[in-house]
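**Student:** First, the structure itself, so that you have it in front of you.
Number of protein chains: 2
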Amino acid sequence: MSNEAHLIETQLSTREIFDGKILHVKLDTVRLPNGATASREIIRHVGAVCIIPLTADGQVLVERQFRYPMNEVITEIPAGKLDSPDEDPLAAARRELREETGVTADKWTCLGPFYPAAAYSDERIWMYLAEQLHFGQQELDEDEFLGVSTVPLQTLVRQVLAGEIPDAKTQTAVLRVWALRQP
Amino acid sequence: MSNEAHLIETQLSTREIFDGKILHVKLDTVRLPNGATASREIIRHVGAVCIIPLTADGQVLVERQFRYPMNEVITEIPAGKLDSPDEDPLAAARRELREETGVTADKWTCLGPFYPAAAYSDERIWMYLAEQLHFGQQELDEDEFLGVSTVPLQTLVRQVLAGEIPDAKTQTAVLRVWALRQP
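Here the protein sequences come in this chain order: A and B. Positions 1 to 183 (the numbering used here) are the ones given, in order, by the first sequence. Positions 1001 to 1183 (the numbering used here) are the ones given, in order, by the second sequence.
Here it is as structure tokens:
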């Protein structure tokens, strides 16, 4: 890209609003490209991973999980937070897949980063395709409740295109894996 | 789906942490399916829209925009917040497209809802495909800085699949429009 200095904002100050277990809320003041100042309400997040676990016969493991902010049970691919900002995303993906579904995988492909809400959050989700699966026992946290099932990738693609899968990372990961397999 | 009452959490209390211009942060206490209690850190958000503006010859209007939380200039499709929770998303999409790019469109197709961060935010983004475009003048807010250009849909698809477009809504909308046009 050409020089984009005319788009850049610079931090003048930062104030901590809330230091939670998941969300770290800051209220920053920035200098805009035109020299004016503005406030920025932002979330600092440790980062996360999500995984498309794909069987040899084209089935995807998905979860049904209650999402309190939406007050809905929704369909999602397995996902979870990093344990720390320094954790290797692939190690986190292996852990989350094993804990949530009991599955381990011999083949992992990174699908790149995903910024769910770049306007107000620094969360990065690393997306993975997991293949050559081995099925074992779930190891859910004691406050984690979810149901796991398998759905053909083609069915998920149809559901995404019909607007029936609202979860962002699931929409994207399903379409990416499908697109990568098109001739 | 079958009865999923065994997944549901119910609100016991809610406390306001921060009432900002964009982010409204709450710390709720919930009853888990097993009867235990847990805290939930959540963002209340007014909702948003995003738009794929597609020309007759297969070009997409995209923006280069600095995203302060990521400290990066990234490529995104046009998007913006609703003016109020009750605003018609299509009206918001027409407004945001006109203000950010100067474009109006005769044909609008809703691509359904998108939950960017259902684990901790109630934000819903309504996705639209805009076609039959007419080009006019940008009307940016005085604190809004972005560059608009056109990119072939096929190029965007390739960039998404290569992991070069980290923005969530842009990844998904590009792949959805592309998938809907496959034979």
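Each residue gets a CB set at the ideal place from its N, CA and C atoms; glycine is no exception.
Taking leucine 82/A as the reference, give the member of Gln11/A, Arg44/A, Pro183/A, Val49/A with the closest Cα.
**Tutor:** On the first sequence, residue 82/A is found 82 positions in, with the first residue counted as 1. For the residues Gln11/A, Arg44/A, Pro183/A, Val49/A, the minimum Cα distance to leucine 82/A belongs to Val49/A.
**Student:** For the beta strand (DSSP E) that glutamine 1138/B lies in, which residues bound it at each end?
**Tutor:** Translated into the one-based positions of the second sequence, residue 1138/B becomes position 138. No beta strand (DSSP E) contains glutamine 1138/B, which DSSP labels as neither H nor E.
**Student:** Using a Cβ cut-off of 8 Å, which residues of the stretch 22-41 of chain A contact any Cβ in chain B, in chain order?
**Tutor:** Ile22, Leu23, Val25, Leu27, Asp28, Val30, Leu32, Pro33, Asn34, Ala36, Ala38, Ser39, Arg40, Glu41
**Student:** How would you list, in chain order, the residues of chain A whose beta-carbon sits under 7 Å from the beta-carbon of leucine 1068/B?
**Tutor:** Within the second sequence, residue 1068/B is the residue found at index 68, counting from 1. Note that residue 1068/B corresponds to tyrosine in the displayed sequence, not to leucine. Under the 7 Å cutoff, chain A gives Glu9, Val30, Arg40, Ile42.
**Student:** Could you check whether the stretch 35-54 of chain A touches the stretch 111-131 of chain A, counting it as contact only if at least three pairs of C-beta atoms, one from each stretch, sit closer than 8 Å?
**Tutor:** yes
**Student:** Could you check what DSSP says for valine 1160/B in three-state terms: helix, strand or coil?
**Tutor:** Within the second sequence, numbered from 1, the residue matching residue 1160/B stands at position 160. It is helical.
**Student:** Quick check: glutamate 1096/B and tyrosine 68/A, are their CB atoms within less than 8 Å of each other?
**Tutor:** Taking the first residue of the second sequence as position 1, residue 1096/B is located at position 96. Taking the first residue of the first sequence as position 1, residue 68/A is located at position 68. It is not a contact, given that the beta carbons lie outside the stated cut-off.
**Student:** Give a yes or no on whether the minimum CB-CB distance between glycine 147/A and chain B is below 8 Å.
**Tutor:** Here residue 147/A is taken as the residue at index 147 of the first sequence, counted from 1. So yes, glycine 147/A belongs to the interface.
**Student:** In terms of residues, what are the limits of the beta strand (DSSP E) holding glutamine 65/A?
**Tutor:** Here residue 65/A refers to the residue found at position 65 when the first sequence is read from its first residue. Counting along the chain, the beta strand (DSSP E) containing glutamine 65/A begins and ends at 59-67.
**Student:** With a 10 Å radius around its C-beta and 16 neighbouring C-beta atoms as the bar for buried, classify leucine 1140/B as buried or exposed.
**Tutor:** Position 140 of the second sequence, counted from the start, is the residue given in the question as residue 1140/B. With fewer than 16 other Cβ atoms from the protein chains shown falling within 10 Å of its own Cβ, leucine 1140/B counts as exposed.
**Student:** So, using beta-carbon positions, are lysine 1021/B and glutamate 41/A closer together than 8 Å?
**Tutor:** Against the second sequence, residue 1021/B aligns to sequence position 21. Against the first sequence, residue 41/A aligns to sequence position 41. Yes. Within cutoff.
**Student:** Between the stretch 102-127 of chain A and chain B, which residues of the former have a C-beta closer than 9 Å to a C-beta of the latter?
**Tutor:** Cys110, Leu111, Gly112, Pro113, Phe114, Tyr115, Pro116, Ala117, Ala118, Ala119, Tyr120, Ser121, Asp122, Glu123, Arg124, Ile125, Met127
**Student:** Can you tell me which of Leu1007/B, Val1148/B, Ile1165/B puts its alpha carbon nearest to the alpha carbon of leucine 7/A?
**Tutor:** Sequence index remark: in the first sequence, residue 7/A carries index 7 (1-based). Nearest option by C-alpha distance: Val1148/B.
**Student:** Give the range of the beta strand (DSSP E) segment to which threonine 55/A is assigned.
**Tutor:** In the first sequence, the residue the question calls residue 55/A occupies position 55. Here threonine 55/A belongs to no beta strand (DSSP E), and DSSP marks it neither H nor E.
**Student:** Could you have a look at arginine 1124/B and say whether DSSP puts it in helix, strand or coil?
**Tutor:** The residue given as residue 1124/B occupies position 124 in the second sequence. Three-state result, arginine 1124/B: coil.
**Student:** Does the Cβ of alanine 1036/B have 16 or more other Cβ atoms within 10 Å, making it buried, or fewer, making it exposed?
**Tutor:** Sequence index remark: in the second sequence, residue 1036/B carries index 36 (1-based). With fewer than 16 other beta carbons inside 10 angstroms of its own, alanine 1036/B counts as exposed.
**Student:** What three-state label does DSSP hand glutamine 1011/B in the structure shown?
**Tutor:** As a working note, residue 1011/B is residue 11 in the second sequence. Here glutamine 1011/B sits in strand by DSSP.
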